[in-house]
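Peer 1: All the letters of the sequence shown, read from the start, carry residue numbers 21 to 233 under the numbering used here. Note that CB positions come from ideal geometry on N, CA and C, so glycine has one too. In this text, all values refer to a predicted model and were calculated from it rather than measured experimentally.
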Amino acid sequence: MNSNEVRRQWAERSGAYSPEYYAYYGPDHRSESIHGILDRFVDRDAAVLELGCSSGRHLAHLYEHSFENLHGIDVNDDAFDVMAETYPDLAAAGTFYHDTIEDTVGDFADDRFDVVYSVETLQHIHPDAEWVLEDLTRITDDLLITVENEGENDDDSEADRSDSDDLDVSYVNDDFPLYHRDWNRVFTELGLLEVEAESGKRDTVRAFRTRDE
């Protein structure tokens, strides 16, 4: 599966892992993890960008805790309609981009956002689009957070190496590929400093800073 096919499938996703699915379940422990890290490292007026925000459950949690300079990118055709229905205050207050991450981040100025974060999104970046990871460090002024599956055992997926010469690949319900990366290595090699890491049952939460403060 090439990168265009991966993006097309997410753009058309319905049912499980769709914007409606995430709106139904609402904020979760990952939302709490993001909020807790932001609470420790940045002020409430920080400009925050979520990559793959879907219908906005994590951003909605931040909005409820007085973060208001919120932005999100999502490729799914229904994401922002569902957001407007489920989290109308967030939809009205935030700035959102209906496009792929790859086609959006290049337009942002250097250090545009104080915080950039992803929750189970960067794990879907195809190897032929890895160039976007350097762009993420370019647009991040202070804090970058990843909440991603790094290859731990996952009951919903089956390991396979067929999609990549270098990365472990698993599939969610034999459908969407997950490319398992060592995010510490990826972003420290791009010049960031890891300041926090916590492994969970499914995901690993990592926080990186662009400078040592």
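#1: Can you tell me whether W203 is buried or exposed, with buried defined as 16 or more other CB within 10 angstroms of its CB?
#2: With which residues is T115 paired in a DSSP beta bridge?
#3: Sort G211, S51, V102 by Cα distance to Y41 and report the nearest one.
#4: Quickly, what does DSSP pair D188 with across the bridge? List them, please.
#5: Thinking C-beta only, is H91 closer than 8 Å to L110?
#6: Quick one: what's got a C-beta closer than 6 Å to V215's C-beta in the same chain, skipping five residues either side?
#7: Does the pairing of the stretch 118-129 with the stretch 144-153 give three or more beta-carbon distances under 8 Å?
#8: Going by Cα to Cα distance, which pick from D195, E168, F61 is closest to V206?
Peer 2: Once the coordinates are examined:
#1: buried
#2: H91
#3: V102
#4: H200
#5: no
#6: A227, R229
#7: yes
#8: E168
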